[in-house]
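Here the structure comes first, spelled out in structure tokens, and everything after it is commentary.
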Amino acid sequence: MSPMADIAAPTPRRPASSLRELRRDPEHGIVAGVCEGIGRRLDLDPLLLRIVFGATTFASGLGVVAYLLAWWLLPVEGVEPSAAVAAAEQRSARNRRAALEVSFGVGFLVIAILLTFRELGLPFSDVLTWPLVLVAAGGALIWRQSVGRPGAAGTAAVPAPVSASAPVAPPLLQDAGGESRPAVISRIGIGVTLVVAAAIVFLQFSGALAAASDVALAALVVAIALVVIFAPFFVRLLTSLSIERAERIRSQERAEVAAHLHDSVLQTLALMQKRADDPREVAALARRQERELRTWLNGVPARADGERWLAPALQAAADEIEQAHGVAIDVVAVGDAPLDRDGEALVAAAREAMLNAAKFAGDAGAVAVYAEAGAERMEVFVRDRGPGFDPAAVPGDRRGVRESIVGRMERHGGRAAINAAPDGGGTEIELVLECGDPS
Amino acid sequence: MRGPGGRQIDRLSLVAGLVLVLFGVALLLERSGGLHLTFGTMAPLTSAVLGVILLVTGLSRRE
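Top line first, the protein sequences correspond to chains U and L. Going by our numbering, the first residue of the first sequence is number 1, and it counts up by one from there. Going by our numbering, the first residue of the second sequence is number 1001, and it counts up by one from there.
Written out as structure tokens, the structure reads:
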């Protein structure tokens, strides 16, 4: 039986089964690592690919176009997004595209209505129509930025830091979705430009632009004078507001940490003093507290969409069994993935394996659970150091392993393997579930 | 939305199909002389068709 360390070893690299697995390797490549990455994935000599790219570049120029395209399209080797991040990015991209389609749809309908009015001879002239359209578009952009988008915070893929729990209003130039400052500024800039363009178009059509230009010049001069006078005060006000905001964040973070320590660590320490005569209970309390503290420090937020994911589901099952049986269960998860019906079956089978290990091998030390989740497969290994058993010698009426683990995995398109040594070498249960194409 | 037999109905296909059928009927009427279509009538009609399809696509894609 292999030790747990062997399970955690990285799997050897295999040739790409689809174009989606192609990567570029700038670290080992000459320019952008396109040939190096493709060659490694397809098991080809990168030199051959370089010759092909070079020859096609000199022959028709296509090589350099293909290389640039590959540079743009291929992701970099070694920066694989986790399944959780990939799913969040996919959802975010889908929502962005949906918003764009809705905007264009509304735009086309508005144009259809305006054209119909014109065709019917209703009093709608260009003097009013186009400025109104421009004002509506620019105003929508500015309002959307100022008020914020509903649900934007929920699409953030990056786990929120500890300080995010403090109820501090986002700065003006950063919306709830955490977009970068240049993106926000450009959106506001486009909105302001559209509104100004609407005003200019209206003045131009109505013939008042020449008169308005004199007024605008006077207003501009006054505005410049006001800026020169009030700019230092304004800058000082902004600086003091920024300092005050930073102080408030720090103060709220301190209060948050103090409250959390009081509610969790101090309470657990008091409980441990009371149970000092039961080492097993004390150890269980310490482990539970350690896990809770680590989760809090890592700042992993609760998923608001109610979707269950593999790693938290396994951890919850381990916590439950650990609490019920007083056996330490270490859960290590690499990657994460959302759970569908088959994934839920995998968690249920893993829970049964943990339960068996806690029941029959709890005295031999901690139970180790190792999970690995990716876009294509999920694997869970449950290992104990108990006396072990012979799977063939299990009586027919004992259905725990046969039905709840092996049968359940097979019914959901997965497989389960039991590596048990009856001579006291422990038991390892391997659960594997191949996932469908995420797209 | 589910159709007969519990099969999931694709809202986008349904709306796009209906809109295209209406479009086809308008063209048939024009062909048979029952309707006189000019650029002034076709432009808003085409724009409305595009708008409805895009709106339904976007709304059905949103989460």
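Idealized CB from N, CA, C, for every residue including glycine.
{"Check": "Start-to-end residues for the beta strand (DSSP E) that takes in residue 381 (chain U)", "Outcome": "377 to 384"}
{"Check": "Touch test, the stretch 124 to 139 of chain U against the stretch 196 to 211 of chain U, Cβ-Cβ under 8 Å, three pairs minimum", "Outcome": "yes"}
{"Check": "Distance cut-off 6 Å: residue 360 (chain U) Cβ against heavy atoms of the ligand SAH", "Outcome": "For the ligand SAH, the structure offers nothing, since it holds no ligand at all."}
{"Check": "Cross-chain neighbours of residue 394 (chain U) in chain L, by beta carbon under 7 Å", "Outcome": "By Cβ distance, chain L contributes nothing, its closest Cβ being about 41 Å from residue 394 (chain U), past 7 Å."}
{"Check": "Min CB distance residue 1016 (chain L) to chain U below 7 Å", "Outcome": "no"}
{"Check": "Within 7 Å, strictly: CB atoms of residue 62 (chain U) and residue 41 (chain U)", "Outcome": "no"}
{"Check": "Supposed close pair residue 380 (chain U), residue 346 (chain U) - CB separation, criterion 8 Å", "Outcome": "6 Å"}
{"Check": "Test: residue 1047 (chain L) CB closer than 7 Å to a CB of chain U", "Outcome": "yes"}
{"Check": "Per-residue contacts from residue 1051 (chain L) into chain U (C-beta, under 9 Å)", "Outcome": "104, 105, 106, 107, 108, 109, 110, 111, 112"}
{"Check": "Min CB distance residue 1054 (chain L) to chain U below 7 Å", "Outcome": "yes"}
{"Check": "Contact list for residue 307 (chain U) against chain A, beta-carbon separation under 9 Å", "Outcome": "Structure shown: chain A not included; protein chains present are U and L."}
{"Check": "Contact belief for residue 389 (chain U) with residue 420 (chain U) at Cβ below 8 Å, rounded distance in angstroms", "Outcome": "5 Å"}
{"Check": "Proximity to residue 292 (chain U) [Cα-Cα], best of U:260, U:279, U:270", "Outcome": "U:260"}
{"Check": "Nearest-angstrom Cα separation, counted from residue 1019 (chain L) out to residue 204 (chain U)", "Outcome": "39 Å"}
{"Check": "Interface partners of residue 236 (chain U) on chain L, CB under 8 Å", "Outcome": "Going along chain L, no residue has its Cβ under 8 Å from residue 236 (chain U), so there is no contact; the nearest lies around 44 Å."}
{"Check": "Every unbroken beta strand (DSSP E) within the stretch 314 to 380 of chain U, with a cutoff of 3 residues, ordered by chain", "Outcome": "329 to 334, 367 to 373"}
{"Check": "Proximity test, Cβ basis, 7 Å: residue 446 (chain U) and chain L", "Outcome": "Lying before the first or after the last residue shown, residue 446 (chain U) is absent from chain U, which here runs from 1 to 439."}
{"Check": "Among U:285, U:358, U:432, U:43, nearest to residue 310 (chain U) - alpha-carbon criterion", "Outcome": "U:432"}
{"Check": "Residue 254 (chain U) - DSSP class collapsed to helix/strand/coil", "Outcome": "helix"}
{"Check": "Euclidean distance between Cα positions of residue 1014 (chain L) and residue 1045 (chain L)", "Outcome": "19 Å"}
{"Check": "Cβ-based neighbour list, residue 1040 (chain L), same chain, cut-off 6 Å, excluding 5 preceding and 5 following", "Outcome": "none"}
{"Check": "Endpoints, the alpha helix (DSSP H) within which residue 1061 (chain L) is located", "Outcome": "1039 to 1061"}
{"Check": "DSSP beta-bridge partners of residue 418 (chain U)", "Outcome": "U:429"}
{"Check": "Endpoints, alpha helix (DSSP H) assigned at residue 30 (chain U)", "Outcome": "No alpha helix (DSSP H) contains residue 30 (chain U), which DSSP labels as neither H nor E."}
{"Check": "Cβ neighbour criterion (16 or more within 10 Å) applied to residue 430 (chain U)", "Outcome": "buried"}
{"Check": "For residue 399 (chain U), the three-state DSSP class (helix, strand or coil)", "Outcome": "coil"}
{"Check": "DSSP bridge partner residues for residue 309 (chain U) (one or two, in chain order)", "Outcome": "U:338"}
{"Check": "Per-residue contacts from residue 115 (chain U) into chain L (C-beta, under 7 Å)", "Outcome": "1043, 1044, 1047"}
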